[in-house]
Structures are given as structure tokens and as C-alpha cells.
Amino acid sequence: MPPEVSVVIPFYNEVGNVERLFDRLVPVLNGCTAAWEVVCVNDGSRDDTLARLICAHHADPRIKVIDLSRNFGKEAALSAGLAAAAGRAVIPMDADLQHPPEAIPAMIAKWREGFEVVLAVRENRSDQDIFGRCAARAFYWIFERLSDVKLPAEVGDFRLMDRKVVAVINRMPERNRFMKGIFAWVGFRQTGIPYRCPPRVEGESKWAKLRLFRFAFSGLTAFSNFPLRVWGLIGATISALAFAYIVYRLARTLVYGVDVPGYESIIVTILFLGGVQLLSLGIIGDYLGRVFEEAKGRPLYVVREVFAETDPVDHRAGVET
Ligand code: UDP
Ligand code: MG
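The sequence shown runs 49 to 369 under my numbering.
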């Protein structure tokens, strides 16, 4: 019989959080439902995380472990977990207790009321400095204007999704897994519940600022082709300005004759246009790289071993578990 609720958790070097997490999560799940499972994905941790997870699995077989062959990144690990989760409701959450398990009963209650997606909405951003907060706000502002998909604010991966929703996500073939965008793209009847996000319990965040920026940019280009199209507009504007300038120079030459050879105007034009062209070429290159990634069609992740009584079904074709 499939479990009613699956919790999916990616682990990457979280050795200090494994026991602490289950100590809090298991009682909460027991209180909510008779049939649950926790799908843990070990995303190539270099510490003892896997051993601890296997221990937890032996102690309670409802805790299942999927060991990936190397570190594939959180988004891929989450995809692996979602593909293996069998529950009628699936809840992805972080291992570092920034997503308090105590919020789960409220989410399940909303789901039982008939909502297909229950978002956990962060009431605070305790773990971010001013710079991070501003950057996040700027990202959402730009994303909202450039993309058709609306990203709900202050919402992370912590949410409850009905089986219907998970089935759609499992079928999405794209390799650039900007989960926030993917989650928002699928739609369905959504609602939210508030929660407080405490700072990370143990270890440190795996997000360097630069990596976060790259992530934001690739999320943007995955859900909007505005950066690709905008160059036509910029090119047209610059051409129009250049044309006006040519007319002005011609008229001037006709009236006043040739004065100092126009070194500045030529060099400025060349440099400016060269810069614009390189920039637009870079943007096109970014999309081309993305097409290349998708065209290769490699699996999102590779599973080394699964620790579960019954092998979890992988709903994604062509991936072995
Ligand atoms: N994580 C992962 N693979 C990675 C990086 C992170 O599976 O390459 C997991 C990590 O173990 C944690 C979750 O993703 O469970 C969130 O990571 P983190 O706390 O570093 O992100 P933040 O909370 O800072 O966004
Ligand atoms: Mg965290």
C-alpha cells in the first residue's frame, strides 16, 4: 500500500543534522498519518551522512535512502527524491532544520481540505544579510517583469504537493531544474501557510554569493526569453540614433566643410557597438549552451544504491534505480 505522505530530503554533508532532524520529524509524521515515508537523497556527501542515514533506515524502514553516485546539486537530488516518492502527498524539505517539521501538520490539513499545493511561506529572512535581501528582492522584481510565470515571494522548496502535481514535475524533462520556477509553472489549486525560518542548525550553507547569482541568472533565462529578444530592440534603437548622427554629420560637412578628421566619433562608435555585440553574443551563447545541455539528454542524476524494503518506483523513464 502506498504511503499517504512522503517527505523528500536532499542531504549534502549534513552529518550533524541527520539525527536531530529525524528526532523532530518522525514524531510529527506519526501524529499526522498512519502511513508515511521519508525519502532521503544522499547527494554525494563527503562526510558520514550516508552511514547515519543507513543507520536511520535500519532503525525505521519507513526512512528510505537513495545514494547518488556523486554530488549533483540540490535541484537534481530533489528530482531524484520526487521521482522515488510514492506518497499521495509529497513534501520536499531541507535537511538543516530551516524548514521546521512542526509546520507539516498544518500543510497536511490544508491538503485534506482539497488544496493540491500548500506553500510554506517564510515570515522572516533571518539568515540573510542586507545584501542578500536586496539581491533577492531585485531578482523577484526582474523575474516578475520578464517571465510569464509568477514566483510567489518568500516561498522556497518547502511545500506540500499532491501526487498529481508531482507526476507532472516528474515528467518535465528539462535539465536546468530551477525548481522554484518549475513548481510555479505547474499551477494547480494553491494556498499558503506561514512559518518561521530559523538559522541553519549545523554546518554552513552551500551557497556562495557568486553561485547564487549564477543560479538566479539561469533561473531567469530558463523561464524567460526576454534577454534573447531585447537585443533586437537595443539594436534598432542604436541604429536609429546612428542614422540620425550620420544625417547630422553629413549636413554639417555640407555646410561647414571638412574640419578635424573625426577620430573620436569613430572610435566611440566602434567601441560602443563592439561592446553591445559582444554582450548580445554572450546572451545568445548562454541560451545556446542551454540548448546544448538539453540536447545531450543525459540523465539528471545517477543512483548508486537504494536502501529501501521495496525498491522505490522511478517515474522517470530511462533512469535506473
Ligand atoms: N544540498 C544538496 N546538494 C547540494 C547542496 C545542498 O543536496 O549540492 C541540500 C542540503 O543538504 C540541504 C538543502 O540542500 O538539505 C539546502 O541547502 P543549504 O542549507 O545549503 O541551502 P540554503 O538553506 O542556504 O538555501
Ligand atoms: Mg539551509
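All C-beta atoms, glycine included, are put in the ideal place defined by N, C-alpha and C.
I need the straight-line Cα distance from residue i to residue j, nearest angstrom please.
| i | j | result |
| --- | --- | --- |
| K122 | A232 | 18 angstroms |
| P109 | A356 | 7 angstroms |
| S127 | L116 | 12 angstroms |
| G345 | A290 | 44 angstroms |
| T369 | V87 | Note on T369: pLDDT 41, under 50, position unreliable in the model; the coordinate value appears next. So the two alpha carbons sit approximately 13 angstroms from each other. |
| V63 | D96 | 6 angstroms |
| R237 | A82 | 25 angstroms |
| D177 | A292 | 47 angstroms |
| Y349 | I57 | 15 angstroms |
| R170 | P50 | 30 angstroms |
| P221 | E341 | 12 angstroms |
| H105 | R118 | 20 angstroms |
| A99 | F120 | 19 angstroms |
| R68 | D144 | 9 angstroms |
| P247 | N172 | 10 angstroms |
| T317 | D334 | 26 angstroms |
| S287 | I190 | 26 angstroms |
| G251 | G204 | 20 angstroms |
| G103 | N78 | Strictly speaking, residue 103 in this sequence is Cys, with Gly absent from that position. Looking at the two C-alpha atoms, the distance is approximately 19 angstroms. |
| A284 | V278 | 10 angstroms |
| G162 | V216 | 18 angstroms |
| P309 | V295 | 17 angstroms |
| P242 | P153 | 12 angstroms |
| I314 | R300 | 16 angstroms |
| N61 | R72 | 19 angstroms |
| L327 | S266 | 16 angstroms |
For residue i, write down the residues that DSSP places opposite it in a beta bridge.
| i | result |
| --- | --- |
| I241 | A168 |
| I139 | V55 |
| L208 | V166 |
| V203 | V169 |
| F355 | V113 |
Beta-carbon within less than 6 angstroms of residue i's beta-carbon, same chain only, minus the 5 sequence neighbours each way: which residues are those?
| i | result |
| --- | --- |
| F206 | M141, H147 and A168 |
| V53 | T81, W84, G135 and A137 |
| V89 | P58, I114, A125, A128 and G129 |
| E202 | V169 and R170 |
| A133 | S54, V56 and V87 |
| L208 | A137, I139, M155, W159 and V166 |
| V367 | Annotation note: pLDDT 45 at V367 (below 50); position unreliable, coordinate value reported separately. P347. |
| A151 | A168 and Y243 |
Sorted by chain position, which residues of the same chain lie with C-beta nearer than 8 angstroms to residue i's C-beta, five sequence neighbours on each side aside?
| i | result |
| --- | --- |
| A365 | Only weak support exists for where A365 lies, its pLDDT of 43 falling under 50; the value from the coordinates is given anyway. Cβ within range, chain order: n/a, list empty. |
| S195 | G229, L268, F271, S272 and F274 |
| F261 | A183 |
| Y188 | L199 and A201 |
Please give the ranges of any alpha helix (DSSP H) in the stretch 81 to 113, keeping only runs that are unbroken, at least 4 residues long and fully inside the region.
Along the length of the stretch 81 to 113, whole alpha helix (DSSP H) runs at least 4 residues long occupy 97 to 107, reported in chain order.
Under 6 angstroms, CB to any heavy atom of the ligand MG. Which residues pass, going along the chain?
Matched residues: D142, D144, Q146, R248 and S253.
Uninterrupted alpha helix (DSSP H) stretches inside the stretch 252 to 287 (no shorter than 4 residues)
Qualifying alpha helix (DSSP H) stretches, in chain order: 257 to 271.
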